[in-house]
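Residue numbers (my numbering): 361 to 652.
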């Protein structure tokens with residue numbers, strides 16, 4: 361009997377050639393991904409949830425995750441639809457990206473994503489309605505108690521002036537605009553920039569404003585602060601360096617964004633030689649921060 365089976369098998373191989381038989385591919389797959397896999401308190405982590413369906417399998421999506429009050433969760437962009445292969449099998453993919461910002465250190469557990477939609481009710485297809493849970497390790501801030509903690513992918517400082525700060529007039533105002541821009545952190549968490557008063561120079565800062573954006577690439581923010589400076593007399597006025605320490609979550613290293621110290625020069629007030637003289641056009645002088 362065994363010899364007969366071997367003869368038949370050899371005949372089939374000679375007729376059809378050698379072939380590899382794969383196990384039946386799954387009708388659907390659930391994938392979750394944290395990027396990066398380790399995070400800091402207050403730092404953005406990207407969470408991607410994917411539901412992959414084989415051709416002909418009913419429609420379905422994954423329910424938004426529920427992570428509790430210890431996490432800020434925000435969708436990033438719209439749900440993406442595309443095709444991808446897993447183990448040589450082509451699947452239709454629906455992917456949603458979220459920004460996850462942990463509020464405390466420790467292990468953050470993402471419950472298994474749950475399927476919703478017609479796929480859930482497809483007979484003989486759905487084996488489990490949830491994917492596997494996933495853990496995220498959340499580390500404490502890398503600053504001392506009471507120190508500002510700004511974890512971000514990037515952070516820059518910019519300044520602009522309503523006129524040349526090296527050619528001012530005593531008694532005439534000039535506006536300095538300071539902007540903090542960051543990726544990976546929202547605008548409400550960016551600090552207000554302070555300028556110390558000094559003799560002979562009046563300072564009038566506004567309350568400032570901030571904005572945030574939630575895009576597919578991640579969240580970002582910026583804060584704008586304007587200060588009106590008025591030299592009260594002729595002379596030079598030294599403005600100190602402006603700096604913002606922050607933590608680079610990509611390189612996992614401390615950084616400082618800064619604007620160098622600047623000298624303002626104010627001359628005496630000159631009067632127009634004729635009533636028909638036109639004022640000089642307003643120019644804006646800009647400067648970006650450097651990192652160190």
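Don't be surprised by glycine CBs; every beta carbon is placed ideally from N, CA and C.
Straight-line spacing of the CA atoms in residue 447 and residue 513 works out to 34 Å. Annotated three-state conformation of residue 424 is coil, per DSSP. Cβ-Cβ separation between residue 385 and residue 453: approximately 15 Å, too far for a contact (criterion under 8 Å). Closest option to residue 568, judged by alpha-carbon separation, among 485, 587, 622 and 603: 587. With contacts defined as CB atoms closer than 8 Å, residue 401 and residue 498 qualify as a contacting pair. Taking each of 502, 397 and 623 in turn and checking the Cα distance to residue 613, the smallest one comes out for 502.
Across the structure, residue 422 and residue 606 are spaced so that their CA atoms are roughly 35 Å apart. The beta carbons of residue 456 and residue 478 sit no closer together than 8 Å. Under the Cβ criterion (8 Å, minimum of three pairs), the stretch 476–493 does not count as touching the stretch 550–561. Boundaries cannot be given for residue 485, as no beta strand (DSSP E) includes it and DSSP labels it neither H nor E.
Beyond the five residues adjoining it in sequence on each side, residue 387 comes within less than 6 Å, by CB distance, of 414, 417 and 485 in the same chain, given in chain order. By the criterion of a C-beta distance shorter than 6 Å, residue 492 is surrounded in its chain by 472, once the five residues flanking it on both sides are discounted. DSSP places residue 572 in the uninterrupted beta strand (DSSP E) bounded by 569–575. Assigned with DSSP and collapsed to three states, residue 454 falls in strand. When DSSP states are grouped into helix, strand and coil, residue 592 belongs to the coil group.
Assignment of beta strand (DSSP E) within the stretch 592–624, counting only whole runs of 3 or more residues, yields 595–599, 602–608 and 613–619 in chain order. DSSP lists 588 as the bridge partner or partners of residue 564.
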